[in-house]
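Numbering (my numbering), first residue to last: 76 to 573.
Here a beta-carbon is modelled for each residue, glycine too, at the ideal position from N, C-alpha and C.
Laid out in structure tokens, this is it:
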């Protein structure tokens with residue numbers, strides 16, 4: 076029965092919140108739903124649990140949104156090939172239905188969706204004031220839409236569930252919904268969130284989903300769907316909500332300046348304690364043998380993942396101040412310099428080894444400006460307004476303004492600007508998919524692969540590339556469904572090509 080409880084839609088009766096201490100239980104292995112969701116305190120605790128699952132999903136999101144693009148690679152370990160069939164497959168385009176990370180991705184998203192659905196259902200019978208319910212409902216609808224927006228881009232057609240299942244048998248009747256139906260649900264949820272959410276919260280609730288976050292994600296949804304008129308109208312509403320660019324680009328990532336004026340939505344982490352809410356991205360991204368030269372703690376072995384590629388490093392223009400903030404060309408250990416680049420955007424001092432205090436940005440005002448520039452260009456060509464939004468971002472990076480580009484050149488420039496402005500923030504893969512057909516994406520990635528094979532970013536220690544490494548095909552535009560889900564439910568149809 077264990078396979079059933081981790082099935083994609085998480086149809087078990089267990090509530091799997093990340094903050095378990097607030098749950099009232101009659102049995103240490105089961106939560107009795109009727110004993111919870113009764114008042115404002117319990118409902119807020121349940122909502123916090125839903126927010127908490129955003130952390131675990133974000134912890135590995137770089138694999139699926141950044142690592143499998145042309146932005147990053149790995150610090151290759153010729154002595155340990157244990158990750159070749161798992162996380163490394165996203166770099167080398169060798170993902171198959173048996174990949175464990177694909178199963179983890181699917182299960183974690185549907186577990187989180189179950190908890191959002193469960194809270195939405197149970198809260199209706201609570202004694203909480205309707206005005207408070209409306210705001211909580213808006214947050215939950217945003218989070219559910221965020222998850223399904225990712226899933227639809229990852230997999231195409233996916234299982235769409237907006238209510239909890241009452242019996243295990245129901246799960247075996249589930250089939251994939253067309254991507255169009257999933258997108259329709261995303262749009263409906265985000266529109267409801269826009270109407271329900273406030274523009275700001277009191278300082279003690281910083282980090283919660285706001286109207287600006289809902290509008291920004293809805294605008295990104297419209298941009299992805301190529302509904303440019305709706306994208307422009309929606310994103311322009313964000314401009315009136317008081318956001319602005321930080322003068323200093325690094326302030327977006329400084330743990331001492333969380334949730335600042337440019338932040339629209341970021342995943343909250345807290346380091347320096349034993350509460351289990353810390354992040355550890357600098358440990359994941361530092362080169363394998365760097366010891367404490369980057370993290371500050373010599374007793375650790377960093378993972379060497381998400382290493383900036385030569386191609387990514389070359390994308391920065393001369394004088395772009397973002398480059399030195401976002402990445403470093405190597406590290407020095409015991410007086411020796413090792414030319415292995417690494418992501419430095421999340422590398423800040425912290426008080427406990429392995430427990431950093433960095434939040435993860437999901438939506439920033441710079442993202443909105445660049446989406447607006449892209450949508451206006453697609454709608455009516457590169458107008459002066461479109462150039463203005465683009466050049467606001469470039470000016471902060473100490474770069475000269477762009478002008479005189481035609482529609483095609485402007486589109487290319489915006490994509491390039493998004494690459495360097497939002498580098499290592501998990502935007503690249505979806506940006507490439509949004510702007511390219513499956514055939515175009517395969518061609519683009521194969522061209523990148525040739526360069527990386529000829530001149531690997533990181534020395535491979537004499538290990539040759541596998542014949543299947545860096546071979547991209549059209550069908551890889553979407554991930555495969557996890558093999559265990561197909562075995563559990565024969566009505567789920569595998570994606571084409573796998």
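#1: Count the other CB atoms within 10 Å of the CB of residue 194; is the residue buried (16 or more) or exposed (fewer)?
#2: Identify the continuous beta strand (DSSP E) that holds residue 242 and give its terminal residues.
#3: Would you list, in sequence order, the uninterrupted alpha helix (DSSP H) runs of no fewer than 4 residues that lie entirely inside the region 381 to 436?
#4: Taking DSSP as the reference, what is the three-state secondary structure of residue 176?
#5: Within the chosen definition, does the region 140 to 150 reach the region 489 to 504 through at least 3 CB pairs nearer than 8 Å?
#6: Any idea if residue 260 is buried or exposed, counting beta-carbon neighbours within 10 angstroms, 16 or more meaning buried?
#7: Looking only at its chain, what residues have a beta carbon closer than 7 Å to the beta carbon of residue 448, apart from the 5 residues adjacent to it on each side?
#8: Look at the alpha carbon of residue 325 and the alpha carbon of residue 560, and state the distance between them as a whole number of angstroms.
#9: Could you check whether the region 333 to 340 touches the region 406 to 418, counting it as contact only if at least three pairs of C-beta atoms, one from each stretch, sit closer than 8 Å?
#10: By DSSP, does residue 555 sit in helix, in strand, or in coil?
#11: Could you give the C-beta distance for residue 298 and residue 312, rounded to a whole number, given that I count them as a contact under 8 Å?
#12: Going by other Cβ atoms of all chains shown within 10 Å of its Cβ, with 16 needed for buried, is residue 102 buried or exposed?
#13: State buried or exposed for residue 183, treating a residue as buried only when at least 16 other CB atoms are found within 10 Å of its CB.
#14: Rounding to the nearest angstrom, what Cα-Cα distance links residue 179 and residue 202 in this structure?
#15: Where does residue 144 land, buried or exposed, given buried means 16+ other C-beta within 10 angstroms?
#16: On a Cα-Cα basis, can you pick out the residue from 383, 366, 381 that is closest to residue 375?
#17: Going by Cα to Cα distance, which pick from 128, 357, 310, 197 is closest to residue 115?
#18: My output table needs one value for residue 499: the three-state DSSP class, helix, strand or coil.
#19: What residue from 268, 536, 542 has the CA that sits closest to residue 155's CA?
#20: Hey, is the region 155 to 165 in contact with the region 208 to 218, meaning 3+ C-beta pairs nearer than 8 Å?
#21: Report yes or no: do three or more beta-carbon pairs, one from the region 377 to 387 and one from the region 525 to 539, lie closer than 8 Å?
#22: Checking 9 Å against the spacing of the C-beta atoms, do residue 148 and residue 369 come in under that value?
#23: Looking at residue 317: is its Cβ nearer than 9 Å to the Cβ of residue 443?
#24: What is the residue span of the alpha helix (DSSP H) that residue 250 lies within?
#25: Please classify residue 322 as buried or exposed, where buried requires at least 16 neighbouring CB atoms within 10 angstroms.
#26: With distances taken between CB atoms, is the gap from residue 566 to residue 165 smaller than 9 Å?
#27: Going along the chain, which residues of its own chain have a beta-carbon closer than 7 Å to the beta-carbon of residue 258, five neighbours each way excluded?
#28: Rounding to the nearest angstrom, what Cα-Cα distance links residue 479 and residue 485 in this structure?
#29: Return the residue from the list 430, 392, 207 that minimises the CA-CA distance to residue 351.
#30: Could you spell out where the beta strand (DSSP E) holding residue 341 opens and where it closes?
#31: Could you name the residues of the same chain whose beta carbon sits closer than 8 Å to that of residue 309, not counting the 5 residues immediately before and after it, in chain order?
#32: Just confirm the distance between the C-beta atoms of residue 304 and residue 454, as a whole number of angstroms; I'd bet it's less than 8 Å.
#33: Please work out which residues of its chain come closer than 6 Å, Cβ to Cβ, to residue 520, disregarding the five sequence neighbours upstream and downstream, and give them in chain order.
#34: For residue 253, count neighbouring Cβ atoms within 10 angstroms of its own Cβ and tell me buried if that reaches 16, exposed if not.
#35: Mark residue 107 as exposed unless 16 or more other C-beta atoms lie within 10 angstroms of its C-beta, in which case mark it buried.
#36: Report the option in 286, 302, 357, 349 whose CA atom is closest to the CA atom of residue 339.
According to the structure shown:
#1: Taking the chain shown and counting its residues from 1, the one referred to as residue 194 is at position 119. By the neighbour-count criterion, in which a residue is buried when 16 or more other Cβ atoms sit within 10 angstroms of its Cβ, residue 194 is buried.
#2: Numbered from 1 along the chain shown, position 167 holds the residue referred to as residue 242. Run containing residue 242: none; DSSP gives neither H nor E here.
#3: The qualifying runs are 385 to 389, 397 to 401.
#4: Residue 176 sits at position 101 when you count from the first residue of the chain shown. If DSSP states are grouped into helix, strand and coil, residue 176 belongs with the helices.
#5: With the rule of 3 Cβ pairs closer than 8 Å, the region 140 to 150 counts as touching the region 489 to 504.
#6: Here residue 260 refers to the residue found at position 185 of the chain shown. Classification of residue 260: buried, given that the 10 Å Cβ count is 16 or more.
#7: Stepping through the chain shown from its first residue, residue 448 is reached at position 373. Cβ-Cβ distances below 7 Å link residue 448 to 461, 464, 465, 489 in the same chain, with the five nearest sequence neighbours on each side left out; the list follows chain order.
#8: Reading the chain shown from its first residue, position 250 is the one you call residue 325. Reading the chain shown from its first residue, position 485 is the one you call residue 560. C-alpha of residue 325 to C-alpha of residue 560: approximately 42 Å in a straight line.
#9: Touching, no, given that fewer than three Cβ pairs across the two stretches are closer than 8 Å.
#10: Within the chain shown, residue 555 is the residue found at index 480, counting from 1. DSSP places residue 555 in coil when its eight states are reduced to three.
#11: Taking the chain shown and counting its residues from 1, the one referred to as residue 298 is at position 223. Taking the chain shown and counting its residues from 1, the one referred to as residue 312 is at position 237. 14 Å between Cβ atoms; not a contact.
#12: Walking along the chain shown from the start, residue 102 turns up at place 27. Here residue 102 scores only 36 on pLDDT, less than 50, and its place in the model is too uncertain to base an answer on.
#13: As a working mapping, residue 183 is identified with position 108 in the chain shown. With 16 or more Cβ atoms within 10 Å of its Cβ, residue 183 is classed as buried.
#14: As a position in the chain shown, residue 179 is number 104, starting the count at 1. As a position in the chain shown, residue 202 is number 127, starting the count at 1. Rounded to the nearest angstrom, the two C-alpha atoms are 36 Å apart.
#15: Numbered from 1 along the chain shown, position 69 holds the residue referred to as residue 144. With 16 or more Cβ atoms within 10 Å of its Cβ, residue 144 is classed as buried.
#16: Counting from 1 along the chain shown, the entry for residue 375 is found at position 300. Per the Cα distances, 366.
#17: Here residue 115 is taken as the residue at index 40 of the chain shown, counted from 1. The residue with the shortest Cα to Cα distance from residue 115 is 197.
#18: Locating residue 499 in the chain shown gives position 424, where the first residue counts as 1. Coil.
#19: By 1-based counting over the chain shown, the position of residue 155 is 80. Cα-wise, what sits closest to residue 155 is 536.
#20: Counting Cβ pairs under 8 Å, fewer than three are found: no touch.
#21: Yes, the region 377 to 387 touches the region 525 to 539.
#22: Start at 1 with the first residue of the chain shown, and residue 148 comes out as number 73. Start at 1 with the first residue of the chain shown, and residue 369 comes out as number 294. Cβ atoms of residue 148 and residue 369: not closer than 9 Å.
#23: As a first step, residue 317 must be located in the chain shown, where it is residue number 242. As a first step, residue 443 must be located in the chain shown, where it is residue number 368. Not closer than 9 Å, so no.
#24: Here residue 250 refers to the residue found at position 175 when the chain shown is read from its first residue. That residue, residue 250, is in no alpha helix (DSSP H); it is neither H nor E in DSSP.
#25: Taking the chain shown and counting its residues from 1, one reaches residue 322 at position 247. Answer is exposed; the Cβ neighbour count stays below 16.
#26: Along the chain shown, one-based indexing puts residue 566 at 491. Along the chain shown, one-based indexing puts residue 165 at 90. Their beta carbons are not under 9 Å apart, which means residue 566 does not touch residue 165 by this criterion.
#27: For the purposes of this step, residue 258 is taken as the residue at position 183 of the chain shown. Excluding sequence neighbours, residue 258 sits near 227, 300.
#28: Here the question's residue 479 lines up with position 404 in the chain shown. Here the question's residue 485 lines up with position 410 in the chain shown. When rounded, the separation of the alpha-carbon atoms in residue 479 and residue 485 is 9 Å.
#29: As a first step, residue 351 must be located in the chain shown, where it is residue number 276. Residue 430 is the option with its Cα nearest to residue 351.
#30: Stepping through the chain shown from its first residue, residue 341 is reached at position 266. Residue 341: member of the beta strand (DSSP E) spanning 338 to 342, first to last residue.
#31: Indexing the chain shown from 1 puts residue 309 at position 234. Cβ neighbours of residue 309 beyond the five flanking positions: 290, 293, 294, 297.
#32: Sequence index remark: in the chain shown, residue 304 carries index 229 (1-based). Sequence index remark: in the chain shown, residue 454 carries index 379 (1-based). The pair is a contact, with the Cβ atoms about 6 Å apart (cut-off 8 Å).
#33: Here residue 520 is taken as the residue at index 445 of the chain shown, counted from 1. Once the five neighbours on either side are set aside, the close Cβ partners of residue 520 are 547.
#34: Along the chain shown, read from residue 1 onward, the residue named residue 253 stands at position 178. Answer is exposed; the Cβ neighbour count stays below 16.
#35: For the purposes of this step, residue 107 is taken as the residue at position 32 of the chain shown. Per-residue confidence for residue 107 stands at a pLDDT of 45, beneath the threshold of 50, marking its modelled position as unreliable; the derived number appears in the next sentence. When all chains shown are included, residue 107 counts as exposed.
#36: Taking the first residue of the chain shown as position 1, residue 339 is located at position 264. Out of 286, 302, 357, 349, 286 has the C-alpha closest to the C-alpha of residue 339.
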